[in-house]
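Below you'll find the structure, written out as C-alpha cells, and then a few comments.
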Amino acid sequence: MPVRHLALVVGLTAALTLTACGSAAEQASPTCPNGTIRFGVEPFEDPARLTPAAQVLADALSGALDCPVELTVTEDYSAEVLAMQNGRLDIGIFGPLGYVFASKRAKAEAIASFGESDGTLSSYTAGIWVPTGSDITSIEQLRGRSLALGSVGSTSGDALPRKALKDAGIAESEVKVNYAGGHPEALLALVNGAVDAAEINSQQLGSATDAGTFDQSRFRRVWTSDPIPNDPITVRGDLPQEFKDAVKGALLGLSPDAVAEIGALLDVDPPGPLVAVDESTYQPLFDLAETMGLTEEDA
105 MPVRHLALVV GLTAALTLTA CGSAAEQASP TCPNGTIRFG VEPFEDPARL
155 TPAAQVLADA LSGALDCPVE LTVTEDYSAE VLAMQNGRLD IGIFGPLGYV
205 FASKRAKAEA IASFGESDGT LSSYTAGIWV PTGSDITSIE QLRGRSLALG
255 SVGSTSGDAL PRKALKDAGI AESEVKVNYA GGHPEALLAL VNGAVDAAEI
305 NSQQLGSATD AGTFDQSRFR RVWTSDPIPN DPITVRGDLP QEFKDAVKGA
355 LLGLSPDAVA EIGALLDVDP PGPLVAVDES TYQPLFDLAE TMGLTEEDA
C-alpha cells in the first residue's frame, strides 16, 4: 500500500476511534446519561397554561445541565407515577400525595420544591367553597349535598377533603361526590351551578382569580386545611447518584426567574429560588395515606 494511503487509513481509523470514544464519554456524562432528560409534570392546572410555564423551567434545567430536557404534562396523577415506575420519566413534579405513591412505586426521591422570596418553603391549603347564597355554612352540612372534587389521588382535591368529611362524622356515601377531572374542572362545576360545593385549593383560587374565571365575592369558603408543603420536584431513585446530585445542584442553582411562571400557578408570587426538601418534609402526607388507608390504586 502506498505510504500516503496507509497514512490516510491510519488517520481515519484514529479519528473514528476518537469520535466513538467521545460519543461514549458523552453518553456516560453524569448530567446527561441517556442523551435526554425526561421531565414529567402532573396536570394541576389547565395544560394550556401549565405547559408553557413548565417549559421555562425545563429549558433552564437543560441549560444548567447541558442536556436536552423533554417535557411531558401527563394525563393525570396516576399516569405520571406509572411513567416513572416504568422508567419513562427521569424527574417529575408530583403533588405531595402523588409523591407518596411515587416514592413507593418508583422510589422517587424529593430533592427540591418552590421557595418563597424569603427562602422558606412555600405551602398551600385545600378548601371547600359554596355560593354566597347557600345555606351550607360548615362542612357538617354537606350531608346529602353534591361535592365536586378534583382528581383521584390529589392531595387537596381528593384526600384532604375526604378526610375532613370523615373527621366531621360524615360517611362518604352520605355525600354525592363528583370527580370533575382536575382542580379547574371542580371550580368550573361550582361556578356553573352543577354542584352544591366544590374543592378549590389556594393555588387554583389564586390562578382562577387572576385569570378572571372566579369571582370570590360570589362564593365563600366553609372549610380549609392546614398548610401543605408545596409540590416536590423528584428524581427516579434507580438513577445513578451522580445524576441525582447533578440535577439537585442544578435545580437549587436556578434563578427565581426560571421558576417564576410555574411558581405563580402554585400560588408562589413573588418566587424565590427552589429550596432543598426530602422525604421527611412530606411525612404528614405519608401519615395521611396511612390514616385514610390509601394505596397506590388511589393515585
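To convert a position in the sequence shown, counted from 1, into the working numbering, add 104. Where is the CB? At the ideal position from N, CA and C, for every residue including glycine. All of these numbers come straight from a predicted model, not from anything done at the bench.
For E289, the enclosing alpha helix (DSSP H) covers residues H287 to V295.
In this structure, the CA atom of S217 is about 25 Å from the CA atom of G139. The beta carbons of L291 and A312 sit about 6 Å from each other, so the pair counts as a contact at 8 Å.
Taking a contact to require three or more Cβ pairs closer than 8 Å, the stretch 167-187 and the stretch 293-306 do not qualify as touching. Between A214 and T338, the C-beta gap is smaller than 8 Å, which places the two residues in contact. Within the same chain, Cβ atoms closer than 8 Å to the Cβ of R247 are found at I274, E278 and V279, the five residues on either side in sequence being excluded. Between the stretch 251-268 and the stretch 373-382 there are fewer than three inter-stretch CB-CB distances shorter than 8 Å, so the stretches are not counted as touching.
By the CB criterion at 8 Å, S255 and L201 fall outside the cutoff. Taken through DSSP and simplified to helix, strand or coil, G273 comes out as coil. At least 8 Å separates the beta-carbon of F205 from that of E146.
Contact fails between the stretch 186-194 and the stretch 160-169, because fewer than three Cβ pairs, one in each stretch, are under 8 Å apart.
For T155, the enclosing alpha helix (DSSP H) stretches over residues P151 to L169. K208 and Y181 have their C-alpha atoms some 14 Å from each other.
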